[in-house]
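Undergrad:
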Amino acid sequence: MKTLTKKNNKSISYAKWGYIFLIPFFTIYIVFSLVPIVSTIYYSFFENYMSGLKQIGPSFIGLENYKSILFESDLPKYAFNTLFIWIIGFIPQIVVSMTLAIWFTNMRLKLKFTSFFKTVIYMPNLIMAAAFAMLFWALFSDIGPINNLLIALGYEPYSFMLEIKGTRGLIALMNFLMWFGNTTILLMAGIMGIDSSIFEAAQIDGANAWQTFWHVTIPSIKPILVYVFLTSLIGGIQMFDVPQILTNGSGGPNRTSMTMIMFLNKHLFSKNYGMAGALSVILFIVTAILSVIIYNNLTEKDSNLSNTSIKTKGGAK
Amino acid sequence: MKKFKSIIALTLVLIMTLSLIACESNEVVTEPEPEDSTEEVPESEPEAEPEVETEAGKVLNIWGWNNEFQGLFETYFEGKGLVPEGVEVKFTIVPNDDNAYQNALDEALLSQENASDDEKIDLFLIEADYALKYVDTDYTLDIVNDVGLTSEDISGQYKYTQEIVTDSNGSIKATSWQATPGLFAYRRSIAKDVLGTDDPTEVQEALSTWDEFYNIAEMSSAKGYKMLSGFDDSYRTFSNNVSAPWVDSDNTIIIDDNILNWIEQTKSFTDKGYNNKTSLWDDQWASDQGPAGKVFGFFYSTWGINFTLLGNALDTPLPEGVSATGDPAAFEAATTGNGIFGDYAVCYGPQNYYWGGSWLCAAAGSDNLDLVKEIMKTMTCDKDTLTTITKDTQDFTNNIEAMEALATDDSFASAFLGGQNHINLFAESAKGIDMSNISPYDQGMNEEIQTAFRDYFNDTVDYDTALDNFYTAVIEKYPELKRPE
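Just so you know, the protein sequences line up as chains A and B, in that order. Those letters in the first sequence? Residues 0 to 316, by numbering that gives the first Met the number 0. Those letters in the second sequence? Residues 0 to 484, by numbering that gives the first Met the number 0.
#1: With 16 other CB atoms within 10 Å as the buried threshold, where does B:K172 fall?
#2: Mapping DSSP to helix, strand and coil, what is A:Q92?
#3: From B:S115 to B:M402, what does the alpha carbon distance come to, in whole angstroms?
#4: Could you check whether the Cβ of B:E217 sits closer than 8 Å to any Cβ belonging to chain A?
#5: Going by CA-CA distance only, name the one from B:D461, B:D117, B:S220 and B:Y75 that's closest to B:G85.
#6: Express the C-alpha separation of A:L169 and B:G443 in angstroms, rounding to a whole number.
#7: Under a three-way DSSP split, which group does B:I142 fall into?
#8: With a 10 Å radius around its C-beta and 16 neighbouring C-beta atoms as the bar for buried, classify B:A328 as buried or exposed.
#9: Alpha carbons only, please: which of B:E331, B:N468, B:N423 and B:K225 is nearest the one belonging to B:P180?
#10: Is the separation between the beta-carbon of B:L122 and that of B:I374 shorter than 8 Å?
#11: Can a CB atom of chain A be found closer than 8 Å to the CB of B:E479?
#12: Quick check: is the beta carbon of B:E38 nearer than 8 Å to any beta carbon in chain A?
#13: Would you call the segment 293 to 302 of chain B and the segment 243 to 254 of chain B in contact, with 3 or more CB pairs under 8 Å?
#14: Between B:K382 and B:N398, how many whole angstroms is the CB-CB distance? I'm expecting something under 8 Å.
#15: Please determine, among B:E126, B:I339 and B:G195, the residue with the shortest C-alpha to C-alpha distance to B:T315.
#16: Would B:L206 pass as a contact of B:P83 if the rule is Cβ separation under 8 Å?
#17: Could you tell me which chain B residues have their CB closer than 8 Å to the CB of A:L52, listed as they occur along the chain?
#18: Roughly how many whole angstroms lie between the Cα atoms of B:A127 and B:D433?
#19: Does DSSP put A:L224 in a helix, a strand or coil?
#20: Should B:K476 go down as buried or exposed, given a rule of 16 or more other Cβ atoms within 10 Å for buried?
#21: Once DSSP output is grouped into helix, strand and coil, what is the label at B:A401?
#22: Measuring straight from C-alpha to C-alpha, what distance separates B:T341 and B:N457?
#23: Helix, strand or coil: how does DSSP classify B:R187 here?
#24: For the segment 265 to 277 of chain B and the segment 221 to 241 of chain B, state whether three or more C-beta atom pairs, one from each stretch, are separated by less than 8 Å.
#25: What residues in its chain sit with their C-beta under 7 Å from that of B:D166, if we drop five residues either side in the sequence?
#26: Starting from the C-beta of A:G165, find all residues in its chain whose C-beta is less than 8 Å away, skip the five residues before and the five after it, and write them out in chain order.
#27: Could you give the DSSP three-state label for B:D35: helix, strand or coil?
#28: With H, G and I counted as helix, E and B as strand and the rest as coil, what does DSSP make of A:P57?
#29: Could you give the first and the last residue of the continuous alpha helix (DSSP H) run that contains B:L104?
#30: Between which residues of its own chain and A:K117 is the CB-CB distance below 6 Å, once the five residues before and five after are set aside?
#31: Nearest-angstrom Cα distance between A:Y121 and A:S231?
#32: Across the segment 445 to 453 of chain B and the segment 349 to 366 of chain B, are there enough close Cβ pairs to call them in contact, namely three or more that are closer than 8 Å?
#33: So, with DSSP's three-state summary, where would you put A:G168?
#34: Can we say the segment 126 to 135 of chain A touches the segment 237 to 250 of chain A, given the rule of at least three CB pairs closer than 8 Å?
#35: Any idea which residues DSSP pairs B:N274 with across the strands?
#36: Kindly list, in the order they appear in chain B, the residues whose Cβ is closer than 9 Å to that of A:L161.
What follows is the structure, encoded as structure tokens:
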């Protein structure tokens, strides 16, 4: 008995280690995240840039930076570019990921080498985005292998980087290739979390594969789907390195593949801290709103799940 | 045991903390640069040395955007044993695109005061396009009064190379080893096919005005050749003959009529198929200069001919380490019969122009001024060194007397240009260089107008949109500038 109480005491004293171990995180968070965020917000109210080697400002100008970013710059156009490129990359991504996730989790298909394929589809995500973009840049250049192949097959060579469709398409393709593996893994986790008795019940009721998918799988993994959708959207808003490298920073033909972060980078590159700050704050707010949506959605997860399972179970009875 | 565990846990946390901090260090993202695959990555900072007595002046820091000067320096200064014992020369190379070099250099210069002696920049290179930005500040030293070159030392240089780096108080703030007059380099074989001759004098007659240039473009096109490779090839011949700087005293951007002429000419060349729709430095552009190219010629200045065109003209690249300066015999063996080596020749072309040029600046706060002075003196003022550089590399160097002597020297010829004495043409062209209309913004302006109008030439956008994109991009780069009303 004595030893037991001793153990209890010990386990209580572990709690303080928890706090101690959290200190490094909070220190790093404060130094590298909180301070920069606060100073970014602070500097967004100033005119503050370098003209050659001369510092202009910082002089307080209130909301001028926000006004010129929101109403005088081409931000809406860049926001459209970003969303458009994200969407044309996301649609194939979710379709392919969903298909693969269902195949990989379906016991009746008896697929072989699934772990091998799971590894392979995840691979592109391990490559640095910049290196991936460089690879595509070389592959699809005017005299690159892809154009050589087109010529060899008797087609006209296509200047991918000079055409809006070509450039946007390549960026979307890269995003798709890099992320569909990751999405597949997430969706698989979601599907495997569904109680297998629900599927069995559906089968007994005579549901075919499509009905099982549409009426059982989709409602059950809805929270995961929303999570995938919104994290991908946030990732999309932060799209930078792929288009930056592929278009050499120019944003492609007629700035049609200039994303919002590339626009931010343009200001940072000319050391225009005021404007860059204002733009960062706007992006921060948008991302924060999306994160809140995810959070709300995930906290509702349990009630949602139990609802659907009750309904299905009810139906099975 | 418990203690041991918590020590391990703490150590792990510390290691993770450290690695996180290390990740926060600034990473320089280098843009893809088709032109120089041999580009050196900036060397990482050397580890802090153990507590050995450190004197000032142990490390000579030189900043540049490519390895052109590094090569010359290693052969003609370091190679001659002129670097004193115990001094380490450290080159920091940041590619030029998208102002990356200037941004990195600005950062370093701004923190120069607080840097340790071994990290202070001693010497840095600047280009004509943004020379004024650095010359007109206190970050560069007067090469006569501060560095200690005498006016006799620099008297042999081309005057324009000094005028462009003279600040508003009349002090000369930089010095160069090269002058950069531009010429038109054409393919002899194509000229023979189109014009019936490859003789530089006769080709020059056929191309002496823009109207005639246009005619030849038409004739070349009929024979299946392109006159120029890309949109920007003739850009400098127009932009160097503008009547006013890019930006007026009111910080308003001005597009000169001559730039508009370039746009008009390039658009019509593109529509008629007289060019190959490439952009400067891209793969296709480089390949157009090689054996598979079907392009009549390229506008190139001094450095471009020996530094870029030669490399592109070869079928098999030069073996690692072989250069005209390092090992002439191996160089000859590697180039003879290689690709179209020997098929190019140069003529003046329709208009006089210059392109580029590198200057050496002594950085304020340098702890190696004596050595900097010696480098400047040897590399930019010494007639013998400059003559040798020209003989070895075919580059056009900054000594009037030496260049005039080589220009009339019958024994001097460029094997790459089929035995032509190109120095003769350069020396003539150099007399006409006028840099009075450059501004501190030229680099950004030149880069952005070429990018913006590429879309117009490609028919992706109309003229007004291209113009609008140009203004937007430039004002992003230089927030103090304004669009014209």
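Ideal Cβ positions, reconstructed from N, Cα and C, are used throughout, including at glycine. It should be emphasised that the depicted structure is a prediction, and the values quoted were computed from it without experimental measurement.
TA: Considering the structure as presented:
#1: Around the beta-carbon of B:K172, 16 or more other beta-carbon atoms lie within 10 Å, marking it buried.
#2: Of the three classes helix, strand and coil, the one that applies to A:Q92 here is helix, per DSSP.
#3: Cα to Cα, B:S115 sits roughly 41 Å from B:M402.
#4: Taking Cβ atoms only, chain A never reaches closer than 8 Å to B:E217, which makes this a no.
#5: Looking from the CA of B:G85, the closest CA among B:D461, B:D117, B:S220 and B:Y75 belongs to B:D117.
#6: About 27 Å.
#7: Under the three-state reduction of DSSP, B:I142 is assigned to coil, being neither helix nor strand.
#8: By the beta-carbon neighbour count (other beta carbons within 10 angstroms, threshold 16), B:A328 is exposed.
#9: Here the closest residue by C-alpha is B:N423.
#10: Result yes, Cβ atoms of B:L122 and B:I374 sit closer than 8 Å.
#11: By the rule that beta-carbons nearer than 8 Å mark a contact, B:E479 touches chain A.
#12: At B:E38 the pLDDT is 42, less than 50, meaning the model places this residue with poor confidence; the figure from the coordinates comes in the next sentence. In terms of beta-carbon proximity, B:E38 stays away from the interface with chain A, with every pair separated by 8 Å or more.
#13: The segment 293 to 302 of chain B, when compared against the segment 243 to 254 of chain B, does not touch it at the 8 Å Cβ threshold.
#14: Indeed they touch by this definition, with Cβ atoms about 5 Å apart.
#15: Nearest of B:E126, B:I339 and B:G195 to B:T315, Cα basis: B:I339.
#16: Contact flag unset, no.
#17: D105, L108, L109, K132, Y133, T136 and Y138, listed in chain order.
#18: The alpha-carbon separation between B:A127 and B:D433 amounts to approximately 12 Å.
#19: Here A:L224 carries a helix assignment [DSSP, helix/strand/coil].
#20: By the neighbour-count definition (other C-beta atoms within 10 Å, threshold 16), B:K476 is a buried residue.
#21: DSSP, read as helix, strand or coil, puts B:A401 in helix.
#22: Sequence inspection shows Gly at residue 341 of chain B; the Thr mentioned does not correspond to that position. So the alpha carbons of these two residues sit roughly 34 Å apart.
#23: Reduced to three states, the DSSP call for B:R187 is helix.
#24: Yes, since at least three Cβ pairs between the segment 265 to 277 of chain B and the segment 221 to 241 of chain B fall closer than 8 Å, the two stretches touch.
#25: Closer than 7 Å at the Cβ level, and outside the excluded window around B:D166, lie V134, D135 and K172.
#26: Here the set comprises F139, Y157, S158 and F159.
#27: A caution first: B:D35 carries a pLDDT of 42, below 50, which makes its placement in the model too unreliable to give a value.
#28: Shown here, A:P57 sits in a strand according to DSSP, grouped into three states.
#29: Residues A99 to L109.
#30: Counting only Cβ-Cβ distances below 6 Å, and skipping sequence neighbours, we find nothing.
#31: Rounded to whole angstroms, A:Y121 to A:S231 spans 16 Å at the Cα level.
#32: When C-beta atoms of the segment 445 to 453 of chain B are compared with those of the segment 349 to 366 of chain B, fewer than three pairs fall below 8 Å, so the two segments do not count as touching.
#33: Of the three classes helix, strand and coil, the one that applies to A:G168 here is helix, per DSSP.
#34: At 8 Å Cβ cutoff, the stretches touch.
#35: BP columns for B:N274 point to B:L227.
#36: Among the residues of chain B, those whose CB is under 9 Å from the CB of A:L161 are K276, R453, D454, N457 and T459, following chain order.
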